[in-house]
């Protein structure tokens, strides 16, 4: 049975306990957390006491932390492609610590999007990106977690821009902790085929471990031209049992209302499938 989480930055103006309480009250099964919402400077260095407190709050409110995303927004200046040894060392250290953070928060999965921090500009950049993914996959496996390389359209980045390309990368690395995923907005803006077609092809391969639900106009599901019934039907037909996360970027008319409209729209579809 697929479950739907809410990306917490949608309601990040609220205190964390209120984010979890609202998500649960709306019918979300959990929260996908952007670490920078927990600490804008160094979320990977959150003390153990705060990690335990956040996990306790989320679980107590009925919206446990399911996953992390937007991983490399903070601390500033990170990159998985840079040839600068010092920046690369800081980046890989942050990735390792964020995997530990995910484990401590009770999450099972991390989503590596972070398009600005993976731009390929010169010789060796793509190879360094793959090396970072290999390390992340190995570290995630040690914690019993899954690390997902998120395909993002060419309007956002120039590395791993399609699901097929991301699968080629993670298959070449062949780490048990490394998978990929599908973001409906990115697919709508960058793939040659509809999201539902890609899901029907690739979910059975086992490489798709997560799904982001959002319209190509960057609003929530049901707030644009994309239809999500075919997407959810494809997930059901392919026996997808992972989480989907609602991830709008344009919170219209505001975060709480956007979150409420999205889960209402998606729940209505699920009842008909």
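Numbering (our numbering), first residue to last: 2 to 274. Built from N, CA and C at the ideal position, the CB exists for glycine as well.
So for residue i, helix, strand or coil by DSSP?
i           : result
residue 89  : helix
residue 134 : helix
residue 229 : coil
residue 252 : coil
residue 45  : helix
residue 153 : coil
residue 148 : strand
residue 4   : strand
residue 39  : coil
residue 121 : coil
residue 18  : helix
residue 161 : coil
residue 274 : coil
residue 114 : coil
residue 235 : helix
residue 246 : strand
Measure the Cβ-Cβ separation of residue i and residue j and say whether it is below 8 Å.
i           : j           : result
residue 53  : residue 32  : no
residue 12  : residue 223 : no
residue 254 : residue 221 : no
residue 189 : residue 196 : yes
residue 103 : residue 79  : no
residue 18  : residue 62  : yes
residue 203 : residue 170 : no
Out of the options, which has the shortest C-alpha to C-alpha gap to residue i?
i           : options               : result
residue 240 : 25, 227, 210 and 49   : 210
residue 83  : 201, 125, 248 and 169 : 125
residue 130 : 144, 143, 142 and 114 : 114
residue 51  : 64, 63 and 36         : 36
residue 45  : 100, 27 and 187       : 100
residue 3   : 235, 265 and 251      : 235
residue 66  : 106, 81, 87 and 93    : 106
residue 184 : 259, 165, 205 and 215 : 215
residue 144 : 246, 154, 118 and 179 : 179
residue 74  : 63, 39 and 108        : 39
residue 247 : 261, 238 and 237      : 261
residue 27  : 271, 242 and 263      : 263
residue 30  : 186, 43, 16 and 68    : 68
residue 166 : 148, 191 and 118      : 191
residue 266 : 232, 72 and 242       : 232
residue 212 : 186, 10, 128 and 127  : 186
Output the distance between the C-alpha atoms of residue i and residue j, rounded to the nearest integer angstrom.
i           : j           : result
residue 91  : residue 47  : 16 Å
residue 201 : residue 177 : 22 Å
residue 162 : residue 111 : 18 Å
residue 87  : residue 55  : 31 Å
residue 57  : residue 34  : 14 Å
residue 156 : residue 120 : 12 Å
residue 198 : residue 268 : 21 Å
residue 76  : residue 173 : 29 Å
residue 70  : residue 273 : 30 Å
residue 116 : residue 164 : 15 Å
residue 237 : residue 137 : 29 Å
residue 23  : residue 85  : 43 Å
residue 64  : residue 123 : 43 Å
residue 141 : residue 226 : 36 Å
residue 151 : residue 72  : 11 Å
residue 230 : residue 41  : 36 Å
**Report entry** In chain order, each alpha helix (DSSP H) run of at least 4 residues that lies wholly inside the region 51 to 111
**Finding:** Unbroken alpha helix (DSSP H) stretches of 4 residues or longer found wholly inside the region 51 to 111: 86 to 106, given in chain order.
Query raised in the report: What are the complete alpha helix (DSSP H) segments, minimum 4 residues, inside the region 163 to 205?
Result: The region 163 to 205 contains these whole alpha helix (DSSP H) runs: 164 to 174, 185 to 191 and 196 to 203.
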